[in-house]
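Engineer:
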Amino acid sequence: MINQVHEIEVFEGIVSFIVMFIFLMGLILAVIALQKNRNQTNFFVILLMASGFLYTFSNVFEKFEMWDRADEFGDSFILFFATILLIIGVVAILEEKLHTSEKKYREAYNRANFYKDLFTHDMSNVVQNIRMSSDISFENLNKFDKSKIAETLEIIKEQSIRGANLITKVRRLSKLEESKSKLEQVNVITILNDTIRYIKKTFQNKTLNIVIDVQENDYTINANEFLTDIFANILINAINYNDYSSIEIQIIVTEECGVDNKKYLIIEFKDHGIGISDARKEIIFLKGFESEKRTRGMGLGLSLVKQIVELYQGEIKVENRVLDDYTKGSNFILKLPLVSLKK
Amino acid sequence: MDHIEFVELIAMIIAIISLINFPFIIKRRRDFIKYLPGIFFLILVFVFENIEEIFLHEISAIIENIFLIIGATLLVTAVFIELKKTPSKKKLIHSSKK
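In structure tokens form, the structure reads like this:
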């Protein structure tokens with residue numbers, strides 16, 4: 010019986026010796042992990058490994074009767090080990106919460122800056138135009154040139170409308186984040202057709218030939234009121250940056266299965282405009298970018314379009330309409346996740 | 015029951031509470047699932063350590079030690095997986111520059 014007890018003690022001692030090295034290895038790995046990524050969880054994993062190591066270390070001393078107080082020493086570490094196990098879970102949750110709130114505040118800060126940049130830049134343009142036009146009006150007033158005065162007053166009116174539109178748009182876009190949860194199922198083709206009608210009405214002075222190539226008419230996606238802004242912005246750009254008297258825009262709507270087995274709607278806007286060089290393709294979706302040739306816009310840049318597309322969990326990119334020749338026009342490609350409707 | 019056994023009992027209770035708490039942690043942090051098997055076996059070590067004091071001394075001692083090896087190995091494996099998944103600072107800086 011005594012022999013059996015002794016054998017078990019030796020067995021436990023050997024096991025503790027092996028486990029001691031396992032924990033030591035874990036301790037080294039945890040230290041490397043902490044160096045790579047300094048977070049609270051990794052720090053507590055180190056404490057866990059260290060207490061495990063010290064517990065097994067004291068076990069070895071106890072089982073081989075090398076130290077009288079090894080048992081007490083080991084027990085205090087087993088208590089420490091259990092406490093760390095409990096704490097590590099709490100820390101993990103707190104860390105996740107902290108990370109989420111940090112992300113939220115960073116996004117809010119970036120958004121505020123974004124609106125500030127957009128608003129100040131576009132509004133200063135509007136104010137500058139109004140001021141210049143009013144200066145010209147005063148000059149013409151002295152010359153009693155009524156036609157010139159009417160022309161500049163028209164510009165002032167146009168610019169004030171543009172400014173008012175911009176204020177409305179920025180106000181609406183600032184609510185974009187709030188509307189994240191308010192996405193609803195919408196028919197893309199209906200909205201696309203409505204937008205085309207609006208564009209044709211707006212650009213009555215230009216000859217527009219917008220052709221839609223669509224396989225079916227009931228493509229549904231999760232979107233909100235800003236979907237029309239996406240289409241309008243792409244179409245207005247295609248019209249504004251076009252040197253032809255007759256403007257041709259081809260819209261191709263297709264369906265695609267993504268790598269994640271989700272169905273996506275692909276909408277291509279092909280125009281015969283002045284095109285976008287490869288260098289500019291990379292920056293047009295960045296905030297703060299605005300073409301120097303812009304004459305008439307909605308005050309809603311492509312960067313905001315990208316933001317809306319991302320809200321719908323979609324993607325937007327631009328390619329040349331004709332491969333390797335950007336001067337032949339652009340092809341804006343929208344990829345939006347389709348809603349699978351149960352019939 | 016002397017003082018040292020009381021400490022072991024308290025350690026076991028704390029460990030069991032942490033195990034009960036674990037599903038809630040995993041719900042919020044899926045990456046923590048890799049630690050679960052190791053922690054589960056180590057908590058069994060705490061349980062068998064207390065059982066050992068009361069009855070089935072030899073068998074409990076053997077089971078406890080087997081679970082200790084398994085638990086420690088699984089826990090270290092989880093740390094290794096975490097280390098492999100963690101991008102280095104250089105990579106992080108590089109990707110943020112992009």
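So the protein lines, in turn, are chains R and P.
Residue numbering for the first sequence follows the working numbering, beginning at 10 and increasing consecutively.
Residue numbering for the second sequence follows the working numbering, beginning at 15 and increasing consecutively.
Cβ coordinates follow ideal geometry from the N, Cα and C atoms, glycine included.
Quick check: what's the CA-CA separation for R:M29 versus R:S110?
Structural biologist: For R:M29 and R:S110, the distance between alpha carbons rounds to 39 Å.
Engineer: Counting only C-beta atoms, is R:G338 closer than 8 Å to chain P at any point?
Structural biologist: It does not: the Cβ of R:G338 has no partner Cβ on chain P nearer than 8 Å.
Engineer: My understanding is that R:F26 touches R:V54, with C-beta atoms under 8 Å, so please give their C-beta distance in whole angstroms.
Structural biologist: About 23 Å; that fails the 8 Å criterion.
Engineer: Do R:I258 and R:I293 come within 8 Å of each other at the CB atom, strictly closer than that value?
Structural biologist: Against a cut-off of 8 Å, the Cβ pair of R:I258 and R:I293 comes out as no contact.
Engineer: Compare the Cα-Cα distances from R:K279 to each of R:A288, R:V268, R:V262, R:Y273 and report the closest residue.
Structural biologist: That would be R:V262, whose Cα lies nearest to the Cα of R:K279.
Engineer: So which residues on chain R does P:L82 lean against when the C-beta distance must stay under 7 Å?
Structural biologist: V24, V28, listed in chain order.
Engineer: Between R:E21 and P:N79, is the Cβ-Cβ spacing less than 8 Å?
Structural biologist: Contact: yes.
Engineer: Figure out for me which residue from R:I205, R:I165, R:L175, R:F82 has the closest Cα to the Cα of R:T65.
Structural biologist: Checked all of R:I205, R:I165, R:L175, R:F82; the closest Cα to R:T65 is R:F82.
Engineer: Can you tell which of R:E116, R:G338, R:N242 has its C-alpha closest to the C-alpha of R:I325?
Structural biologist: R:I325 has its Cα closest to that of R:N242, out of R:E116, R:G338, R:N242.
Engineer: With a CB to CB cut of under 6 Å and the five nearest residues on each side skipped, what residues in its chain are close to R:L311?
Structural biologist: Closer than 6 Å at Cβ, skipping near neighbours: I293, F294.
Engineer: So, R:I158 versus R:I139, is the Cβ gap smaller than 8 Å?
Structural biologist: In this structure, R:I139 does not lie closer than 8 Å to R:I158 by Cβ.
Engineer: Name the two residues that bound the continuous alpha helix (DSSP H) containing R:Q316.
Structural biologist: That run of the alpha helix (DSSP H) goes 311–320.
Engineer: Name the residues in the segment 102–126 of chain R whose C-beta lies less than 7 Å from a C-beta of chain P; which are they?
Structural biologist: Residues passing the 7 Å Cβ filter: I102, E105.
Engineer: I want to verify the contact list: residues of chain R whose CB lies under 7 Å from the CB of P:L23, in sequence order.
Structural biologist: Those do not exist, as P:L23 stays about 10 Å from chain R at its closest Cβ, beyond 7 Å.
Engineer: Please confirm if the segment 57–64 of chain R is in contact with the segment 88–100 of chain R, defined as three or more CB-CB distances below 8 Å between the two stretches.
Structural biologist: As far as the Cβ criterion goes, the segment 57–64 of chain R touches the segment 88–100 of chain R, which means the pair count is three or higher.
Engineer: What three-state label does DSSP hand R:Q3 in the structure shown?
Structural biologist: Any property of residue 3 of chain R remains undetermined from this structure, which presents chain R solely from 10 to 352.
Engineer: Assuming R:N251 and R:I283 are in contact, meaning their beta carbons sit under 8 Å apart, how far apart are those beta carbons, in whole angstroms?
Structural biologist: Confirmed, Cβ separation roughly 7 Å.
Engineer: To which residues does DSSP link P:V93 through a beta bridge?
Structural biologist: BP columns for P:V93 are empty, so no partner.
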